[in-house]
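S.K.:
Protein chains: 2
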Amino acid sequence: MASEHHISHQFDAELEAIKSRVLAMGGIVERQIEDAVVAIIDADSQRAEEVVAREKQVNGLEVAVDDEATKILVKRQPAASDLRLVLIITKAVRDLERIGDEAKKIAKLALKLTEEGPAPRGYFELRHIGAAVSEMLHDALDAFTRLDVDAALEVVRRDKTVDQEYRSATRELVTYMMEDPRSISRVMNIMWALRSLERIGDHSRNIAEYVFYLVKGQDLRHVGLENIESTVKSWK
Amino acid sequence: MASEHHISHQFDAELEAIKSRVLAMGGIVERQIEDAVVAIIDADSQRAEEVVAREKQVNGLEVAVDDEATKILVKRQPAASDLRLVLIITKAVRDLERIGDEAKKIAKLALKLTEEGPAPRGYFELRHIGAAVSEMLHDALDAFTRLDVDAALEVVRRDKTVDQEYRSATRELVTYMMEDPRSISRVMNIMWALRSLERIGDHSRNIAEYVFYLVKGQDLRHVGLENIESTVKSWK
């Protein structure tokens, strides 16, 4: 991550350390998503249990990073871009923790499906949207590391595609349930899992949007894709 | 809200001002939940449109409070409990914004239901859980204002009840859909609305948990109700 030269090398080291922790947390969370989706697709209850158990670790990392951030603020009283970075880090770990939470929910749905038997539909959509949002998270963290505004914009764009795919998958599954009402309970598990993936996409988008704020100090949350696109263009 | 005596009266005034803004935002969001639920129950599309339109205001408040908090950090470099307060405020407005987002989703489901015709079931549960989470939010903000640990604990307890009621409502609606598959699409709208209400309960619980951190500096997120109860007891 680009960083200004500080008088205190110690401070630089502290900032690097907290950033690394966020990225490590991101790596774990990314794997949580992938494992949770595979647990559903392979009806692998052991893998699902592992995801559920590992969520505690993710929660612990959020608390630890938050604590570290507070200490840096007290000790260093950073200004300008360093302050922005520390504040954004406390926001980003919140999003990562929420993603971890959604992954755990998906793992629990995997456990329900191994009990109730497989759903007759929805696995293709689950695999596809699962891969898309896990890539979004990966790219958002990458954009965050490299302070890459274009890569961040790309993640925001992809969130729109994921939302469309999610809606179309949901519609299809509702139609299927009407044709085969006995499958409703099992298909609903897939529906909830898709919903969680869609949320993971939203949180990944949040992380991407923080990059705009870090790089330019401009808060582009809530302004919509078109406004983000024209603002990023105006920076060139 | 209790506050220490500061050498700078100006600083006190700034903290009071930002707290008032958070509470004002909370008030708007509370009304958004209530209006969204009533919009579904009364099939009132005008009210639903108002909720959707008002969400922008909520988003704007989040950005404004965040901005204000950053300015305070730069200008005042607060320590100890003041720093905790400012950091928690940036977290709390995030939860309020997410609640506003869920309220908007409920309002959009109200619009779908006015098109598709009323669902045959689920209104009772919606009204009940809607009232419960809107009260939870109200009480969480109240606990936040008065730094009332016991009131905060009560909100955390109620979140558990809401989760149980949500699960039982969902089970019942799934059973109903199997009996009457033609109603699936309409009942699903109620299911998604209930899901949003359950999330609103989670966010209200988050706000309540911040009170423990503000009052005692102890981060009791993710530790579970029993541990929170015994920790709060140990403070007496």
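Chains as they are written, first to last, in the numbering used here: chain A, 2 to 237; chain B, 2 to 237.
Ideal placement from N, C-alpha and C gives every residue a C-beta, glycine not left out.
1) State the Cα-Cα distance for the pair Pro-119 (chain A) and Val-175 (chain B), rounded to the nearest angstrom.
2) Helix, strand or coil: how does DSSP classify Ser-9 (chain B) here?
3) Is there a C-beta anywhere in chain B that falls below 7 Å from the one on Pro-182 (chain A)?
4) If we call anything under 7 Å between Cβ atoms a contact, is Ala-194 (chain A) one with Leu-148 (chain A)?
5) Quick check on the burial criterion: 16 or more other C-beta atoms within 10 angstroms. Buried or exposed for Asn-228 (chain A)?
6) I want to see whether chain B comes within less than 7 Å of Met-26 (chain A), judged by CB atoms only; does it?
7) Tell me which residues share the same chain as Asp-96 (chain A) and place their Cβ nearer than 6 Å to its Cβ, disregarding the 5 neighbours each side in the sequence.
8) With a cut-off of 8 Å on the beta carbons, I'd call Val-150 (chain B) and Gly-202 (chain B) a contact; round off their distance for me.
9) What distance in whole Å lies between the Cβ atoms of Ala-111 (chain A) and Gln-34 (chain A), which are believed to be in contact at a cut-off of 8 Å?
10) Name the chain B residues that come within less than 7 Å of Leu-195 (chain A), Cβ to Cβ?
11) How many Å lie between Glu-51 (chain A) and Ala-152 (chain B) at the Cα?
12) Kindly indicate the opening and closing residues of the alpha helix (DSSP H) around Ala-153 (chain A).
13) Please report the Cβ distance between Val-75 (chain B) and Val-23 (chain B), rounded to the nearest whole angstrom; I am assuming they are in contact, meaning their Cβ atoms lie under 8 Å.
14) Quick one: what does DSSP say Ala-133 (chain A) is sitting in, helix, strand or coil?
15) Quick one: using the 10 Å Cβ neighbour count with 16 as the cut-off for buried, is Gly-218 (chain A) buried or exposed?
16) Can you tell which of B:Glu-166, B:Met-189 and B:Glu-180 has the C-alpha that lies nearest to the C-alpha of Thr-171 (chain A)?
17) So with CB distances below 8 Å, who are the chain A contacts of Arg-95 (chain B)?
18) If you draw a straight line from the C-alpha of Val-53 (chain A) to the C-alpha of Asp-102 (chain A), how long is it?
19) Does the count of Cβ pairs from the stretch 72-91 of chain B and the stretch 67-82 of chain A closer than 8 Å reach three?
20) In chain order, what residues of the same chain have a beta carbon less than 8 Å from the beta carbon of Lys-109 (chain B), not counting five sequence neighbours either side?
21) Please confirm if Ser-21 (chain A) has its CB atom under 7 Å from at least one CB of chain B.
22) Under 7 Å between C-beta atoms, does Asp-83 (chain A) make it to chain B?
23) DSSP on Trp-236 (chain A), reduced to helix/strand/coil?
24) Looking only at C-alpha atoms, which of A:Ile-191, A:Glu-136 and A:Ala-132 sits nearest to Thr-246 (chain A)?
25) Alpha carbon to alpha carbon, how far is Val-38 (chain B) from Gly-131 (chain B)? Give it in angstroms, no decimals.
26) Between A:Lys-92, A:Val-30 and A:Lys-234, which lies nearest to Gln-58 (chain A) when the distance is taken from Cα to Cα?
27) Anything in the stretch 205-236 of chain A with a Cβ closer than 8 Å to a Cβ of chain B? List those residues in chain order, please.
28) Please work out which residues of its chain come closer than 7 Å, Cβ to Cβ, to Gln-165 (chain B), disregarding the five sequence neighbours upstream and downstream, and give them in chain order.
29) Which of the residues in the stretch 44-63 of chain A, read from start to end, lie with their CB under 8 Å from any CB of chain B?
30) Does Ser-169 (chain A) come within less than 7 Å of chain B when only Cβ atoms are used?
31) Would you call the CB atoms of Tyr-177 (chain B) and Arg-122 (chain B) closer than 7 Å?
32) Express the C-alpha separation of Glu-136 (chain A) and Glu-210 (chain B) in angstroms, rounding to a whole number.
33) When DSSP labels each residue in this structure, what does His-204 (chain A) get in the three-state scheme?
34) How big is the Cα-Cα spacing for Glu-56 (chain A) and Lys-113 (chain B)?
35) Along the stretch 128-151 of chain B, what residues have a CB closer than 8 Å to any CB found in chain A?
36) Do we get a CB-CB distance below 7 Å when we pair Gln-165 (chain A) with the residues of chain B?
M.R.: Short version:
1) So the alpha carbons of these two residues sit roughly 17 Å apart.
2) If DSSP states are grouped into helix, strand and coil, Ser-9 (chain B) belongs with coil.
3) At least one CB atom of chain B sits nearer than 7 Å to the CB of Pro-182 (chain A).
4) No, these two residues do not count as a Cβ contact at 7 Å.
5) exposed
6) no
7) His-204, Asn-207 and Ile-208
8) With a Cβ gap of about 20 Å, Val-150 (chain B) and Gly-202 (chain B) do not count as contacting.
9) Sequence check: residue 34 (chain A) is Ile here, not Gln. In fact, because the Cβ distance is near 12 Å, the residues do not count as touching under 8 Å.
10) Near Leu-195 (chain A) there are no residues of chain B at all, since even the closest Cβ is about 12 Å away, more than 7 Å.
11) Glu-51 (chain A) and Ala-152 (chain B) have their C-alpha atoms some 35 Å from each other.
12) 150-180
13) The Cβ separation is near 19 Å, so there is no contact.
14) helix
15) By the neighbour-count definition (other C-beta atoms within 10 Å, threshold 16), Gly-218 (chain A) is an exposed residue.
16) B:Met-189
17) Proximity of chain A to Arg-95 (chain B) at the Cβ level (cut-off 8 Å) is accounted for by Lys-92 and Arg-95, in chain order.
18) 9 Å
19) yes
20) Ala-49 and Val-53
21) no
22) no
23) coil
24) The structure shown has nothing for residue 246 (chain A), since chain A only spans 2 to 237.
25) Their Cα atoms are separated by approximately 7 Å.
26) A:Val-30
27) Asp-220, Arg-222 and His-223
28) Closer than 7 Å at the Cβ level, and outside the excluded window around Gln-165 (chain B), lies no residue.
29) Cβ contacts with chain B come from Lys-57, Asn-60, Gly-61 and Glu-63.
30) No, because no Cβ of chain B sits closer than 7 Å to the Cβ of Ser-169 (chain A).
31) yes
32) Those two C-alpha atoms are separated by around 32 Å.
33) helix
34) Looking at the backbone, the Cα of Glu-56 (chain A) and that of Lys-113 (chain B) are separated by about 36 Å.
35) none
36) no
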